[in-house]
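Peer 1: Structure incoming, see below.
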Amino acid sequence: MALKKLEGETMGWQILVHVILIVGAILMFGPFLPVISASLKSYSELMLRPFAIIPKKFLWGNYLKVFQEVPFLLYIWNTVKVSFLCTVGVLASSSMAAYAFARLRFPGRNLLFLIYLATMMVPGQVTLVPVFILMRNFGLIDTHASLILPMWGLTAAYGTFLLRQFFLTIPRDLEEAAILDGCGYFGRFTRIILPLSKPALATLGIFTLLSMWNNYLYPLVFLNSPEKRTLTLGLAMFRGDVDVQWNLLMAGTILSICPMVIAFLAAQRYFVEGITLTGLKG
Amino acid sequence: MAVISVFVAYPIVSSFILSFQDWNLVGTKEWTGFTNYQRLSKDSIFKDALRNTAYFSFGSIPGKILLALFLALLLNKRVFGLKAFRTIYFLPVVCSSVAAALMWQWLYDTNFGFLNFLLRKIGLGPVPWITSDKWAMPSVIAVSVWKDVGYNMVIFLASLQDVPAEIYEAAKIDGAGRWTMFRYITLPLISPATLFVTIMSVISSFRVFDVTTVLTGGGPGTATISLVQYIYKCAFQFFRMGYASAVAYVLFLIVLGFTILQMRFARRWVHY
């Protein structure tokens, strides 16, 4: 099957494409190799033979040490908590708002949607100072809520836009059949729209999760206590120590990436499909 | 809706008002009119930050878009190991900017860094990647392109998969070559994706903070300080809230201006 399709392309062309892709892949993945290798070396080996890709002795214990030297488990827990709550909140609020914009008729709907879209244009950093003051007035500085709440506001518009585009592609007939069966708004939303929107929800979910997991500016501004730190903040602070243990720092860096790699691989199936169907592309 | 008004709409208005005031977070707010903006026009660090952010944007955006499109075109064909390639190219996107910056700090290190090791192997002297004025910004740009190209690639890929194969078949029968097909079929049909990618890249490059802060700390000197980093410094290190808001508003107007300009210009080349 595949071979037949390939016939259209000349052999030379195929080889050229593969060579370019492999070189690209080496450039993309290459930087990880010395880092992984560094994470498995002892500190003295790293200083003496920084460039040997294969460590003399594989010190898997470095990864354990990360947990002992810094409260890494706590950082992970904080990050998981913040990212999870944020993602759930964004998914819930944007899917409901998107449903309203896609299906319900109410006065001022188009104007409201326009305002929604306009907020997408505002970089979160621009509103950082007032949000900080707002949080201080609420007494929420140095709490995890101060990371989650603004993100709901900032991501919800993007999420609403993305999901609305998707909901519009779901045929109305399906809902009309449900109305005949006596299904209310909420029932139609949870039983018809949501199950059919898995690719779009997965796409939005992974984007939100990623942006929260990787967020650095907000934790830097809003958190003070060491025990509240998230992974990015923890890692950046770890580097700030006088004597940087690069092998452990690299192990921590790799550890911080792993959960997102797993999440991405798990959601990948829905991922490209979600983007294609939502018309995110334009 | 309420959340958006509290955390987006209100702050936009509030930071505008704050930009005409002087406030150190503790004392009383003082109305100073255009003083903050006047001071900005003479502030050399602000000018550096502005120039760096522009340098960063013009340096990184073409690379991010063209490379992403190129990769997406290659991966849109039937290629052996398609999924593996897609995953590898997306891997840096999943990586946080902080993690990426820490990794590259190690790779860029003048004495112990892997890049200089490779250079020495082929007989070239060490390059002070992130510690010299000249090289710091290109090094930051390289990390940023490396990190973000996969994201744009996935969006191009999604768009390319929507182009009906029949159109190419028909063009082939008419004797169209590869370049002609790309120029007159592919490019117009994916133009909405190109617009989306361009706007998003412009917005995100003007927000650059993580990479410059962690990788170079804005240095050496002010060689890589970005606008957002300067906002952060003014607000949370010097506690000059009004001044920081003024910088933020300049940033906002620039982003808004570019977005409107792109939307306007888009009518000429985007086909829906």
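As given, the protein sequences belong to chains P and B, one line each in that order. Following the UniProt record's numbering, the numbering of the first sequence begins with 1 at its first residue and continues without gaps. Following the UniProt record's numbering, the numbering of the second sequence begins with 1 at its first residue and continues without gaps. Just so you know, even glycine gets a beta-carbon here, dropped at the ideal spot from N, CA and C.
1. In terms of residues, what are the limits of the alpha helix (DSSP H) holding Ser-96/B?
2. Pull the bridge partners of Glu-30/B from the DSSP assignment, please.
3. List, in order along the chain, the chain P residues whose C-beta lies closer than 8 Å to that of Met-153/B?
4. For the region 246 to 272 of chain P, which residues have a CB atom closer than 9 Å to at least one CB atom of chain B, in sequence order?
5. Taking the alpha helix (DSSP H) that Ala-223/B falls in, what are its first and last residues?
6. Taking the alpha-carbon positions, what's the Val-208/B to Val-228/B distance?
7. Take the Cβ of Ile-193/P as the centre, count every other Cβ of all protein chains shown within 10 Å, and call the residue buried at 16 or more, exposed below.
8. Counting only Cβ-Cβ distances shorter than 7 Å, please list the residues of the region 40 to 73 of chain P near chain B, keeping chain order.
9. Return the CA-CA distance between residue 278/B and Phe-51/P, expressed in angstroms with no decimal places.
10. Specify, as a first and last residue, the run of the alpha helix (DSSP H) that Ser-94/P falls within.
11. Per the contact definition of three or more C-beta pairs closer than 8 Å, is the region 34 to 42 of chain P in contact with the region 53 to 61 of chain P?
12. So is Ala-2/P in contact with chain B if we call contact Cβ pairs under 8 Å?
13. Do Leu-228/P and Asn-78/P have their CB atoms nearer than 8 Å?
14. Just mark Arg-164/P as buried or exposed, buried being the case when its beta carbon has 16 or more other beta carbons within 10 Å.
15. Sort Ile-61/B, Asn-52/B, Leu-71/B and Ser-41/B by Cα distance to Val-154/B and report the nearest one.
16. So with CB distances below 7 Å, who are the chain B contacts of Thr-232/P?
17. Residue 341/B CB to nearest chain P CB: under 8 Å?
18. Taking one C-beta from the region 43 to 59 of chain B and one from the region 164 to 177 of chain P each time, how about it: are there three or more such pairs within less than 8 Å?
19. Can you list, in chain order, the residues of the region 144 to 158 of chain P whose Cβ is nearer than 8 Å to any Cβ on chain B?
20. What does Trp-106/B touch in chain P if you count any residue whose Cβ is under 7 Å from its own?
21. Under 8 Å: do the region 206 to 223 of chain B and the region 95 to 110 of chain P share three or more Cβ pairs, one atom per stretch?
22. To the nearest angstrom, how far is the alpha carbon of Arg-86/B from that of Tyr-151/B?
23. When we look at the beta-carbon of Phe-7/B and count the other beta-carbons within 10 Å, is it buried (16 or more) or exposed?
24. Report buried or exposed for His-271/B, applying the criterion of at least 16 other Cβ atoms within 10 angstroms of its Cβ.
25. Is there at least one Cβ from chain P nearer than 8 Å to Lys-77/B's Cβ?
26. Measuring only the C-alpha atoms, how far is residue 336/B from Leu-33/P?
27. With distances taken between CB atoms, is the gap from Thr-208/P to Thr-87/P smaller than 8 Å?
28. What does Phe-167/P touch in chain B if you count any residue whose Cβ is under 8 Å from its own?
29. Give the single residue among Ile-12/B, Val-94/B and Gly-27/B whose Cα lies nearest to the Cα of Met-260/P.
30. Does the distance from the CB of Asn-214/P to the CB of Thr-232/P come in under 8 Å?
31. Can you give me the start and stop residues for the alpha helix (DSSP H) that Thr-198/B sits inside?
32. Quick check on Pro-150/P: does DSSP put it in helix, strand or coil?
33. Of all the residues that make up the region 173 to 191 of chain B, which are near chain P by a beta-carbon distance shorter than 8 Å?
34. Would you mind telling me which residues of chain P sit closer than 8 Å to Val-214/B, beta carbon to beta carbon, in chain order?
35. Could you pull out every residue in the same chain whose Cβ sits closer than 6 Å to the Cβ of Val-145/B, ignoring the five residues on either side in sequence?
36. Closer than 7 Å by beta-carbon distance: list the chain B residues that pair up with Ile-275/P, in chain order.
Peer 2: According to the data block:
1. Careful: Ser-96/B lies outside any alpha helix (DSSP H) and carries neither H nor E.
2. Asp-22/B
3. The premise fails here: Met-153/B is roughly 10 Å from chain P at the closest Cβ pair, so nothing lies under 8 Å.
4. Answer set for the region 246 to 272 of chain P: Trp-246, Leu-249, Met-250, Gly-252, Thr-253, Ile-254, Ser-256, Ile-257, Met-260, Val-261, Ala-263, Phe-264, Leu-265, Gln-268, Phe-271 and Val-272.
5. From DSSP, Ala-223/B is part of no alpha helix (DSSP H); its letter is neither H nor E.
6. 7 Å
7. Buried, since its Cβ has 16 or more Cβ neighbours within 10 Å.
8. Pro-50 and Phe-51
9. Residue 278/B is absent from the model: chain B starts at 1 and stops at 272.
10. Looking at the DSSP string, the run of the alpha helix (DSSP H) that includes Ser-94/P is 72 to 103.
11. yes
12. The predicted model places Ala-2/P with a pLDDT of 41, which falls under 50 and marks its position as unreliable, so this point remains unresolved.
13. Before going further, note that residue 228/P is Lys rather than Leu in the sequence given. Yes; because the gap between Cβ atoms is below 8 Å, this pair is in contact.
14. buried
15. Among Ile-61/B, Asn-52/B, Leu-71/B and Ser-41/B, the Cα nearest to that of Val-154/B is on Leu-71/B.
16. Ser-96 and Val-98
17. Since the first residue shown for chain B is 1 and the last is 272, residue 341/B is missing from the structure and cannot be characterised.
18. Flag = no, the region 43 to 59 of chain B and the region 164 to 177 of chain P do not touch.
19. Leu-149, Pro-150, Trp-152, Gly-153, Leu-154, Ala-156 and Ala-157
20. Val-35, Ala-38, Trp-246 and Met-250
21. Judged by Cβ distances under 8 Å, the region 206 to 223 of chain B makes no contact with the region 95 to 110 of chain P, as fewer than three pairs qualify.
22. 10 Å
23. buried
24. exposed
25. yes
26. Here chain B covers residues 1 to 272 and nothing more, so residue 336/B does not appear.
27. A contact, by the Cβ cut-off of 8 Å.
28. In chain order: nothing, as chain B lies at least about 17 Å away.
29. Val-94/B
30. For the 8 Å CB-CB criterion, Asn-214/P and Thr-232/P form a contact.
31. 191 to 206
32. In the structure shown, Pro-150/P falls within a helical segment according to DSSP collapsed to helix, strand and coil.
33. Across the region 173 to 191 of chain B, CB contacts with chain P closer than 8 Å involve Ile-190 and Ser-191, in sequence order along the chain.
34. Residues of chain P passing the Cβ test: Tyr-216, Ala-236 and Arg-239.
35. Ser-60, Gly-63 and Lys-64
36. Val-154, Ile-155 and Ala-158
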